[in-house]
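Notes follow the structure.
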Amino acid sequence: MENSGQNLTPQEAAALLAFYVEAGVEEFFGDEPVNRYALQDSAAPEPARAAQARQTRDLTRDLPRGTRPDPRGEVAPPQDAPRTAAPSAIPLEDAQAAESARIVAARCATLEELREALANFEGCPLRYTAKNLVFADGNPKARVMMVGEAPGRDEDLQGLPFVGRAGQLLDKMLVSIGLDRTAVYIVNTLPWRPPGNRTPTPAEHAVCMPFVERHIELVAPEVLVLLGGVSAKQLLNTDTGIMRLRGKWATVRVGQRDIPALPTLHPAYLLRQPAQKRLAWRDLLALKARLAPAG
Ligand code: URA
């Protein structure tokens with residue numbers, strides 16, 4: 000853009016913003032792409048970094064020695080947990096945020112506490128660009144828990160998962176096997192919308208996954224349905240593509256439980272590739288068969 004807006008009077012800036020709104024602009028991006036993987040710790044947005052450091056300090060103050068992040072920012076694993084190295088693509092500060100997330104999530108004994116904890120959690124920068132927290136929808140006592148990818152625009156506005164076009168298709172898919180939202184519980188791997196629906200970063204996933212895992216642990220569903228490649232990749236900890244994973248029962252271990260999990264195609268993908276609905280239909284039948292009473 001010729002004029003970056005820096006030389007505008009307040010009236011001109013207001014008129015420009017009004018024009019953008021009228022033109023349907025709802026996201027603002029920089030002119031140059033930013034390689035966030037290459038950002039150093041010091042380049043992370045200050046409010047998020049400061050808030051995260053404060054929150055980590057507060058959260059870990061009363062933890063036993065050896066379970067607190069060390070002064071250099073290294074994160075020591077809890078003594079009773081196997082050490083899992085943070086993926087190398089995740090900067091140290093993000094690994095620290097993921098560790099605080101794990102501590103916060105583990106302390107939640109109910110879904111209400113988990114919702115509250117997420118609403119107050121400052122370690123994920125997505126919360127600063129999202130309009131609403133998208134926690135869950137459906138019946139927490141349902142036998143089936145579905146995990147999608149991330150909220151889109153409609154979900155962000157309403158604070159509920161799968162309420163846009165993909166959600167409407169998901170509802171139809173459920174009805175086709177005799178289910179509806181009272182018979183399933185729905186969450187996403189991320190509870191905040193990535194701005195402009197951009198692809199979430201590994202760091203964003205790493206910091207949100209402890210909440211998703213605790214969410215699953217608290218709901219304790221009989222089966223999980225993993226909607227799309229991102230959900231399957233995160234929960235099955237694999238790089239295998241969804242086309243190879245779909246329709247095959249796998250296992251997700253949370254807490255002390257192994258939960259059968261069925262990866263399937265994401266409804267948004269089915270909207271773009273309707274011919275693939277025949278594969279999704281097979282997966283739905285596999286789910287239906289699993290839920291049918293034995294005998
Ligand atoms: N896609 C998702 O993965 N989740 C939603 O909530 C909406 C669309």
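Anchor point for the sequence shown: position 77 equals 76 in numbering that gives the first Met the number 0, and the numbering is continuous, going up by one each time. All residues carry an ideal CB built from backbone N, CA and C; glycine is no exception. As the structure is a computational prediction, the values presented were derived from the model and not from experiment.
- Where the beta strand (DSSP E) containing Pro259 begins and where it ends: Taking the first residue of the sequence shown as position 1, residue 259 is located at position 260. Segment Arg256 to Thr263, the beta strand (DSSP E) holding Pro259.
- Query: According to DSSP, what are the bridge partners of Asp136?
  - Reply: As a position in the sequence shown, residue 136 is number 137, starting the count at 1. Paired residues: Ile185.
- With a cut-off of 8 Å, do at least 3 Cβ pairs link the segment 248-260 to the segment 216-234? yes
- Cβ separation of Ala97 and Pro209, assumed to be a contact under 8 Å, to the nearest whole Å: For the purposes of this step, residue 97 is identified with residue 98 of the sequence shown, where counting begins at 1. For the purposes of this step, residue 209 is identified with residue 210 of the sequence shown, where counting begins at 1. With a Cβ gap of about 7 Å, Ala97 and Pro209 count as contacting.
- Message: Taking the beta carbon of Ala118 as the centre, do at least 16 other beta carbons fall within 10 Å, making it buried, or is it exposed?
- Response: Residue numbering aside, residue 118 sits at position 119 when the sequence shown is read from its first letter. Classification of Ala118: exposed, given that the 10 Å Cβ count is below 16.
- Message: Which same chain residues end up closer than 7 Å to Ser230 when comparing Cβ atoms and leaving out the 5 residues on each side of it in sequence?
- Response: On the sequence shown, position 231 is the one that residue 230 refers to. Same-chain partners within the cutoff: Val146, Gly147, Glu148 and Thr188.
- Task: Spatial neighbours of Thr250 within its chain, please: CB distance less than 8 Å, with the 5 preceding and 5 following residues excluded, ordered by chain position.
- Result: To locate residue 250, count along the sequence shown from 1; it is residue 251. Once the five neighbours on either side are set aside, the close Cβ partners of Thr250 are Asp257, Ile258, Pro259 and Ala260.
- Message: Using C-beta distances below 7 Å, list every residue in its chain close to Asp238, excluding the 5 sequence neighbours before and after it, in chain order.
- Response: Within the sequence shown, the letter at position 239 stands for residue 238. For Asp238, where only same-chain residues beyond five positions count, the Cβ hits under 7 Å are Lys232.
- Query: When the Cβ atoms of the segment 89-104 are set against those of the segment 151-163, are three or more pairs found closer than 8 Å?
  - Reply: no
- So is Trp191 buried or exposed if we call it buried at 16+ other beta carbons inside 10 Å? Translated into the one-based positions of the sequence shown, residue 191 becomes position 192. With 16 or more other Cβ atoms within 10 Å, it is buried.
- Message: In whole angstroms, give me the CA-to-CA distance for Arg226 and Pro193.
- Response: As a position in the sequence shown, residue 226 is number 227, starting the count at 1. As a position in the sequence shown, residue 193 is number 194, starting the count at 1. The sequence shown places Leu at residue 226, not Arg. Leu226 and Pro193: Cα-Cα distance of roughly 18 Å.
- Message: Contact defined as beta carbons within less than 8 Å: I believe Leu283 pairs with Met172. What is the distance between those atoms, to the nearest angstrom?
- Response: As a first step, residue 283 is located in the sequence shown; it is residue number 284 there, counting from the start. As a first step, residue 172 is located in the sequence shown; it is residue number 173 there, counting from the start. Leu283 to Met172, Cβ: 6 Å. Contact.
- Say whether chain D places a C-beta atom closer than 9 Å to the C-beta of Glu216. The structure shown has no chain D; it contains just one protein chain.
- Evaluate Ala274 with the Cβ neighbour count: other Cβ atoms within 10 Å of its Cβ, from every protein chain shown; 16 or more gives buried, anything less gives exposed. The residue you call residue 274 lines up with position 275 of the sequence shown. Exposed.
- First and last residue of the uninterrupted alpha helix (DSSP H) at Arg213: Here residue 213 refers to the residue found at position 214 of the sequence shown. Per DSSP, Arg213 belongs to the alpha helix (DSSP H) from Pro201 to Val218.
- Query: For Glu154, is the beta carbon positioned less than 8 Å from some heavy atom of ligand 1?
  - Reply: Sequence index remark: in the sequence shown, residue 154 carries index 155 (1-based). For ligand 1, at least one heavy atom lies less than 8 Å from the Cβ of Glu154.
- Message: Please list the terminal residues of the continuous alpha helix (DSSP H) segment that includes Val162.
- Response: Working through the sequence shown from its first residue, we reach residue 162 at position 163. First-last for Val162: undefined, no H or E at that position.
- With respect to the beta strand (DSSP E) encompassing Leu225, which residues constitute its N-terminal and C-terminal limits? In the sequence shown, counting from the first residue as 1, residue 225 sits at position 226. Start and end: Val222 to Leu226.
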